[in-house]
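Undergrad:
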Amino acid sequence: MKDAIVVERTGKVLAVRVRWAGSSRERRRGLLDGPPLEGDEGLVIPGAFQVHTFGMTYPIDVVFCSRAWIVKRVVRNMPPGRISRPSAARYAVELTGGRASAVRVGDRLVVDQPLSDQPLSER
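Residue numbers for the sequence shown follow this note's numbering, so the first one is 52 and each next one is one higher.
(1) When DSSP labels each residue in this structure, what does Gly93 get in the three-state scheme?
(2) Which residue's Cα is closest to the Cα of Arg76: Val64, Arg118, Ile96, Phe105?
(3) Could you give the distance in angstroms between the alpha-carbon of Ser167 and the alpha-carbon of Gln101?
(4) Okay, do the region 150–165 and the region 106–121 touch, 3+ Cβ pairs below 8 Å being the bar?
(5) Looking only at its own chain, which residues have a Cβ that is under 7 Å from the Cβ of Arg80, when we skip the five neighbours before and after it?
(6) Closest by CA to Asp91, which one among Ser135, Lys63, Asn128?
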């Protein structure tokens, strides 16, 4: 876990400890396999156009982005036991509930991640 996700328009840091769900299993399980996110953590799920919170016990914010990291949709404080509407997205960024409060559709996220940490399909 490392690096950062920042909103280009505002400079607001959404996450400084970022995990990538690289395998098919990691993408399916998302946050179900670990402890709740801490305030500065995030999970990037490549290829996710929809997420669910079944089996979770806490709300999350989800930012859906295009391949160029343009925000297509923001779901704020998605409660446990829900499924998001489908979106035309390339990435889903899961964050602590409330963390994406100032993110707007059309914003661009800047994702600072070393190439060696990216899944092969993203290089």
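A virtual CB, placed ideally from N, CA and C, is assigned to each residue, including glycine.
TA: On the basis of the supplied data:
(1) strand
(2) Ile96
(3) Bear in mind that the predicted position of Ser167 carries a pLDDT of just 45, short of 50, making it unreliable; the figure below should be weighed with that in mind. The straight-line gap from Cα to Cα measures roughly 26 Å.
(4) yes
(5) none
(6) Lys63
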